[in-house]
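The sequence shown runs 29 to 443 under our numbering.
All residues carry an ideal CB built from backbone N, CA and C; glycine is no exception.
Remember, predicted model here, so these are calculated numbers, not experimental data.
Read through the structure below, which is laid out as structure tokens, and then see the notes.
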Amino acid sequence: MKVKIYRGTKEIGGTCVELTADNGKVLWVDLGAPLDNTNPNVDYAQNKLDALLISHPHQDHFGLMEKVGTTVPIFIGELSLDLINATKIFRAIPQLNGNFKTIKPWESFTIADTFRVKPFLTDHSTPEAFAFLIEADDKRIFYSGDFRATGRKNIVYKKQIENPSENIDLLLIEGTMVERTNHLYSTEDSVEEAIYNTIKAQTNLSFVISSAQNIDRLISVFRACKRTQKYLVIDVYSAWILEMVRKQSKNIPAIEWEEIKVYDHPSQLEKIKDPSFDDFRNRIKPQRVGNSVFSNPSDYVYFVRCPNEKLIDKLRGKGTINIIYSQWEGYLLEEHKNFCTDNLNALKKDSDISFQTIHTSGHATVPDLMKFAKAINSKKIVPIHTAFPEQFKKEFEKQGFSNITLWEDGKEYSL
Ligand SMILES: [Zn+2]
Ligand SMILES: [Zn+2]
Numbered sequence: 029m030k031v032k033i034y035r036g037t038k039e040i041g042g043t044c045v046e047l048t049a050d051n052g053k054v055l056w057v058d059l060g061a062p063l064d065n066t067n068p069n070v071d072y073a074q075n076k077l078d079a080l081l082i083s084h085p086h087q088d089h090f091g092l093m094e095k096v097g098t099t100v101p102i103f104i105g106e107l108s109l110d111l112i113n114a115t116k117i118f119r120a121i122p123q124l125n126g127n128f129k130t131i132k133p134w135e136s137f138t139i140a141d142t143f144r145v146k147p148f149l150t151d152h153s154t155p156e157a158f159a160f161l162i163e164a165d166d167k168r169i170f171y172s173g174d175f176r177a178t179g180r181k182n183i184v185y186k187k188q189i190e191n192p193s194e195n196i197d198l199l200l201i202e203g204t205m206v207e208r209t210n211h212l213y214s215t216e217d218s219v220e221e222a223i224y225n226t227i228k229a230q231t232n233l234s235f236v237i238s239s240a241q242n243i244d245r246l247i248s249v250f251r252a253c254k255r256t257q258k259y260l261v262i263d264v265y266s267a268w269i270l271e272m273v274r275k276q277s278k279n280i281p282a283i284e285w286e287e288i289k290v291y292d293h294p295s296q297l298e299k300i301k302d303p304s305f306d307d308f309r310n311r312i313k314p315q316r317v318g319n320s321v322f323s324n325p326s327d328y329v330y331f332v333r334c335p336n337e338k339l340i341d342k343l344r345g346k347g348t349i350n351i352i353y354s355q356w357e358g359y360l361l362e363e364h365k366n367f368c369t370d371n372l373n374a375l376k377k378d379s380d381i382s383f384q385t386i387h388t389s390g391h392a393t394v395p396d397l398m399k400f401a402k403a404i405n406s407k408k409i410v411p412i413h414t415a416f417p418e419q420f421k422k423e424f425e426k427q428g429f430s431n432i433t434l435w436e437d438g439k440e441y442s443l
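Written out as structure tokens, the structure reads:
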């Protein structure tokens, strides 16, 4: 078997790995969009392949997926598809169109009569993320995908350590956290605790800024609200995300629960006016909170991606407004700017606002990566999804690993 990493040996973003079996069959694992514009070249996405396997619904793993067209089979989790489509619904852009084959955790399957694949659920900042064990030509590759050991699903990390996949020839392992730290809040539980401590004393509304698709975080906020008897306000988009996740797991809050309120933003309601959303619309109706939030704002915590300025203005003069920034701090910097960066940076300086960051990463710390790599015990380890491969190698070698190999983007290696 031959292996090529099109992108990802030196960057976080644009992950794409190509496996070519001895019979010529080609499988790609992930086809992500680059996260910055230093190298916009994605010509490889036009190359020929027999199938595509997607690890999870983050842009840097699926973002270029539609470039393979509508005939190439795309193996992907059902919830991942629903989450990607959710974003499209609320941006009013067409739903995904492709030859999708849905996969389930721990259920093995064969691709193109050649690649035997077993997906493992990982603990990550999206509710459905997979690692893959891929076998072909008597070789075994373990693709870690994105993972951590400190979230609400850390049982799956522990299980992989206790009962690891064996006889692995190549481990492709993520290295996001090399040169990043997680020292303030190391676990999802510590995030919950810190949010609890902030909101219990609130005299006005608190906003928690995070991704609606980070269900671990939504649950942390929900639990903090329950402990302080606050209502958790979500927008219509987040309510739809909860619906999608509840289809797979009843272990998460439902929109009908009395602690949940839905902020009925007219432009979001407009996106779901189609009759196919009738049932959902009817079910969020009793939960809708709208402007009543302003009469008693200290009873509410609003989980949202971007705090609306008009809303903030209505809250002024009623006590300090908390903004709990609960996602990667990089999004506040110019180089990773998004639609809310300027807004948030302005609010940071606002005297009516107390701005604090309470976040833990969706990625494993270097010691957790090492524990994982040690358990998998692969003949060869190649870091991927890292901006600092040299540093990765150095740190691993310091701890006794002698099998770390650095690869180049676009170069083919034989196993
Ligand atoms: Zn991810
Ligand atoms: Zn990623």
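Please name the residue or residues paired with residue i in a DSSP beta bridge.
i      : result
Ala61  : The partner list for Ala61 (beta bridge, DSSP) is empty, contrary to what the question assumes.
Lys408 : Leu198
Trp56  : Glu46 and Leu80
Lys32  : Glu46 and Glu440
Ala164 : Lys167
Val101 : The residue asked about is misnamed: residue 101 is Pro in this sequence, not Val. DSSP lists Asn127 as partners of Pro101.
Pro147 : Phe160
Thr385 : Tyr353
Tyr291 : Asp263
Phe137 : Val145
Ile432 : Ile409
Arg316 : Val290
When you compare only the Cα positions, how much space is there between residue i and residue j?
i      : j      : result
Tyr441 : Lys422 : 22 angstroms
His89  : Lys402 : 25 angstroms
Leu361 : Glu418 : 25 angstroms
Leu270 : Ala282 : 7 angstroms
Asn195 : Tyr171 : 14 angstroms
Ile219 : Asp58  : Just to set this straight, residue 219 is Val in the shown sequence, not Ile. Each residue's Cα considered, the two are about 30 angstroms apart.
Pro85  : Glu287 : 28 angstroms
Lys278 : Met398 : 33 angstroms
Asn431 : Thr37  : 16 angstroms
Arg251 : Val54  : 45 angstroms
Lys132 : Lys95  : 24 angstroms
Lys32  : Tyr359 : 30 angstroms
Lys377 : Asp50  : 59 angstroms
Thr150 : Gly390 : 10 angstroms
Thr154 : Asp244 : 8 angstroms
Val100 : Thr204 : 30 angstroms
Gln315 : Leu212 : 35 angstroms
Asp292 : Pro68  : 38 angstroms
Asp64  : Gln87  : 12 angstroms
Tyr72  : Val45  : 11 angstroms
Arg119 : Lys167 : 43 angstroms
Ser214 : Trp285 : 29 angstroms
His309 : Asn371 : At residue 309 the sequence reads Arg, which differs from the His that was named. Whole-angstrom Cα-Cα distance: 30 angstroms.
Thr414 : His364 : 16 angstroms
Thr138 : Pro192 : 21 angstroms
Among the options, which residue has its Cα nearest to the Cα of residue i?
i      : options                           : result
Gln427 : Gly36, Ile404, Pro395 and Ile409  : Pro395
Phe367 : Arg344, Cys334, Tyr291 and Ser389 : Cys334
Asp327 : Val261, Ser277, Gln355 and Gly345 : Val261
Ile183 : Asp378, His152 and Ile82          : His152
Glu190 : Ile404, Val264 and Asp302         : Ile404
Ile349 : Glu425, Leu297, Arg208 and Phe235 : Phe235
Gly97  : Asp370, Gly126, Leu111 and Glu357 : Gly126
Phe175 : Ile412, Phe416 and Ile139         : Ile412
Lys342 : Val321, Ile169, Asp292 and Asn65  : Val321
Gly345 : Asn113, Pro303, Gln257 and Asn324 : Asn324
Gly91  : Gly105, Gly41, Trp134 and Gln74   : Gly41
Gly347 : Phe420, Thr256 and Leu233         : Leu233
Lys116 : Asp165, Gln296 and Asn319         : Gln296
Glu163 : Thr231, Glu207, Val145 and Ala177 : Val145
Leu200 : Gln188, Lys181, Leu161 and Val206 : Leu161
Lys186 : Leu124, Ala392 and Lys338         : Ala392
Phe305 : Gln74, Gly173 and Ala114          : Ala114
Compare the C-beta of residue i with all C-beta atoms of chain C and state if any pair is closer than 8 angstroms.
i      : result
Ile288 : The chain inventory of the structure shown lacks chain C, comprising one protein chain alone.
Tell me, to the nearest whole angstrom, how far the beta carbon of residue i is from that of residue j; I am working on the premise that it is less than 8 angstroms.
i      : j      : result
Ser239 : Glu216 : No, Ser239 and Glu216 are not in contact; Cβ-Cβ is about 14 angstroms, not under 8 angstroms.
Tyr259 : Lys228 : In fact, because the Cβ distance is near 14 angstroms, the residues do not count as touching under 8 angstroms.
Lys76  : Phe103 : Lys76 to Phe103, Cβ: 17 angstroms. No contact.
Ile386 : Ser406 : Not a contact, Cβ separation roughly 36 angstroms.
Val329 : Cys253 : 5 angstroms
Ile340 : Ala267 : Their Cβ separation, rounded to whole angstroms, is 22 angstroms, which puts Ile340 and Ala267 out of contact at 8 angstroms.
Val273 : Leu109 : Rounded, the Cβ-Cβ distance is 13 angstroms, inconsistent with contact.
Leu375 : Ile351 : 6 angstroms
Leu246 : Phe331 : 6 angstroms
Gln384 : Thr209 : Their Cβ separation, rounded to whole angstroms, is 17 angstroms, which puts Gln384 and Thr209 out of contact at 8 angstroms.
Asp197 : Ala140 : Contact flag wrong, Cβ pair sits at about 20 angstroms.
Tyr224 : Arg255 : 5 angstroms
Thr48  : Lys30  : 4 angstroms
Do residue i and ligand 3 come close, with the Cβ less than 7 angstroms from some heavy atom?
i      : result
Asp437 : Only ligand 1 and ligand 2 can be found as ligands here, which leaves ligand 3 out of the picture.
Item to complete: Report the residue ranges of all beta strand (DSSP E) runs contained in full by the segment 201 to 261; include only those spanning at least 3 residues, in chain order.
Response: 234 to 237
Fill in: Segments assigned alpha helix (DSSP H), at least 4 residues, entirely inside the segment 325 to 349
337 to 343
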